[in-house]
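Visitor:
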Amino acid sequence: MKILVIGGGGREHALCWKLSKGGSAEKIFCAPGNAGIAGVAECVSISDGDVKGLRDFAVQQKIDLAIVGPELPLTRGAADSFKEAGIKVFGPAAYAAQLEGSKYFAKDFMREMSIPTADFADFAEYEPARAYLEKAAYPLVIKADGLAAGKGVLVTSSKDEAQDFLKSLMLDGAHGGAGARIVVEECLVGEETSILAVCDGRDMVILTPSQDHKRAYDNDEGPNTGGMGAYSPVSIVTPALIETIREQVLQRVADGMKKRGTPFVGVIYAGMMLTAAGPKTLEFNVRFGDPEAQVVLPLIEGDLAQICLAAAEGRLAEAKWEPARRTAMCVVMASGGYPGSYEKGKPINGLEAAGALDDVVVFHAGTAAKDGRIVTAGGRVLGVTGIGANLKEASAKAYEAVRLISWEGERHRTDIGKRDLVRIN
Ligand code: AMP
Ligand code: GLY
């Protein structure tokens, strides 16, 4: 099978790595890829947002299966475009991708399909939104409707802060068109977990539950980031809880999208809050999470290419695979300054020594090759995954590898998985 993976971050390295380990991927291309991905796939310099360029390449290379990593090409219609050209694709159509691309679309969909979520109000104009925030009960949550790279959400107890954020979104256009419409939500309390399911439009297989660490610094302090680390499985997410989430959330997404004439093919990612009143949906993503992919993919025992092809062809029920009964943990190593501004081009030391450890995989996110060396080229630079019989072992492996790697300004969290480590001890 000839496969084209779209994207160039840690998630796509994990995808290409897992695909390369299965038996059926004869050739893997990745657009645009990165310096680590180049070790397991042929990188092609087409940007992930260039839907036409990607399709032309796939047609010319007679690609058997396209796997779309990030949300941007999906919301821009990459899956629709591949399909029109007769290329099989793992990833939802643009209509279904609105579950991630528009918070209002997602909330409206959840209301129609009776999917548990926070109560909400939505506004397309400033004045009614301002008046609502004056009278509302706090804390509450304000969300820009569109994609805003994780910066479009404010959880606050302060009316003043809420009004300032509203102004920045609706009057100052802080995130371009993303804030032209907003959603205001009730604030939920609980622990978060990410539940990812591979879906073929009708059937689904739920992957091992994971937990992301969104804040920049230890003890969940500092600004939000794309994710500083993850682990899977999560001890509090029991099989019974997974069944509840399947029935009340994931299956209703699949059934609802089918009903609307756009069967969902790809990964449904439900960001859940485990509240005292049961699991409630915070958000949907329409793709693998990053860094969640770096922990859930190593735990799949099976040929990922066959699984994705079966999903794309609507015959997931035939694809057999088992989750490994092990635990994976990923520590993200970032550039100093991330998620704010940072310098690039710093040579990275220790990659070979870390990569040579057993039960460790060093996934590249923002790296480039320069003068025969690997240098930093992004905010999140590496995702170092350790695998073990339990979280303690996985954590020891991951941090052993992290200690071998260095560059000027490097920074990472030292408490990934701590919540569960405390719980299971
Ligand atoms: P979202 O992009 O919608 O997942 O929001 C980003 C983050 O904001 C989530 O991971 C939560 O930590 C937080 N958040 C979002 N919605 C709520 C809510 N209704 N209650 C409490 N926290 C929330
Ligand atoms: N780690 C969160 C995300 O992929 O959106």
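Okay, so the sequence shown: first residue is 936 according to our numbering, each after it adds one.
Ideal placement from N, C-alpha and C gives every residue a C-beta, glycine not left out.
When every heavy atom of ligand 2 is checked, does at least one fall within less than 6 Å of the C-beta of Gly942?
Guide: no
Visitor: Under three-state DSSP, which class holds Glu1278?
Guide: coil
Visitor: Considering Cα atoms alone, identify which of Ala1252, Gln1241, Ala1263, Met1208 is closest to Leu1234.
Guide: Minimum Cα distance to Leu1234 is reached at Ala1263.
Visitor: So for Phe1298, helix, strand or coil by DSSP?
Guide: strand
Visitor: How many whole angstroms separate the CB atoms of Gly1036 and Glu1006, which I take to be in contact at a CB cut-off of 8 Å?
Guide: 7 Å
Visitor: Mind checking which residues open and close the beta strand (DSSP E) that includes Tyr1204?
Guide: Where Tyr1204 is concerned, the enclosing beta strand (DSSP E) stretches over 1200–1210.
Visitor: The alpha helix (DSSP H) with Phe964 in it runs from where to where?
Guide: Note, Phe964: premise wrong, no alpha helix (DSSP H); beta strand (DSSP E) at 962–967.
Visitor: Roughly how many angstroms lie between the CA atoms of Thr1197 and Arg1137, to the nearest whole one?
Guide: Rounded to the nearest angstrom, the gap between the Cα atoms of Thr1197 and Arg1137 is 11 Å.
Visitor: Quick check: the Cα distance between Glu1345 and Gly1275, rounded to an integer number of angstroms?
Guide: 14 Å
Visitor: Go ahead and label Val1186 buried or exposed: buried means 16 or more other beta carbons lie within 10 angstroms of its beta carbon, across all protein chains shown.
Guide: Per the sequence shown, the amino acid found at residue 1186 is Gln instead of Val. The residue is buried, with at least 16 neighbouring Cβ atoms inside 10 Å.
Visitor: What separation, rounded to the nearest whole angstrom, lies between the Cα atoms of Glu1391 and Gln1241?
Guide: No answer is possible for residue 1391: it lies beyond the span of the chain, which begins at 936 and ends at 1360.
Visitor: When you compare each of Gly1087, Arg1065, Ala1083 to Lys1094 by their alpha carbons, which one comes out closest?
Guide: Per the Cα distances, Arg1065.
Visitor: In whole angstroms, what separates the C-alpha of Ile1022 from that of Gly1085?
Guide: 31 Å
Visitor: Going by other Cβ atoms of all chains shown within 10 Å of its Cβ, with 16 needed for buried, is Lys987 buried or exposed?
Guide: exposed
Visitor: Note down the Cα distance separating Leu939 from Gly1237, rounded to an integer number of angstroms.
Guide: 19 Å
Visitor: Label Asn1325 either buried or exposed according to how many other C-beta atoms from any shown protein chain fall within 10 Å of its C-beta, with 16 as the threshold for buried.
Guide: exposed
Visitor: Look at the alpha carbon of Glu956 and the alpha carbon of Leu1009, and state the distance between them as a whole number of angstroms.
Guide: For clarity, residue 956 is Lys in the given sequence; the question names Glu instead. Spanning the two alpha carbons is a distance of roughly 26 Å.
Visitor: Please determine, among Asn969, Leu1217, Gly1201, the residue with the shortest C-alpha to C-alpha distance to Met1207.
Guide: Leu1217
Visitor: Relative to the C-alpha of Gly1352, which candidate in Val1169, Leu950, Ile1203 has its C-alpha closest?
Guide: Val1169
Visitor: Going along the chain, which residues of its own chain have a beta-carbon closer than 7 Å to the beta-carbon of Asp1225, five neighbours each way excluded?
Guide: Gly944, Gly945, Arg946, Gly1161, Gly1162
Visitor: I want to check one thing, is the minimum distance from the CB of Gly1206 to the heavy atoms of ligand 1 below 6 Å?
Guide: yes
Visitor: Let me make sure I understand the geometry here. Which of Thr1052, Ala966, Gly1249 has the alpha-carbon closest to that of Pro1214?
Guide: Thr1052
Visitor: Looking at ligand 1, does it come within less than 6 Å of Leu1075, judged from the CB to the closest heavy atom?
Guide: no
Visitor: Below 8 Å, how does it come out for the segment 1127–1142 and the segment 1176–1183: are there three or more Cβ pairs, yes or no?
Guide: Yes, the segment 1127–1142 is in contact with the segment 1176–1183.
Visitor: Going by beta carbon distance, what residues of the same chain come within less than 8 Å of Thr1302, once the five residues before and after it are set aside?
Guide: Asn969, Ala970, Gly971, Ile1283, Ile1309, Val1310, Thr1311, Ala1312, Gly1313, Val1316, Leu1317
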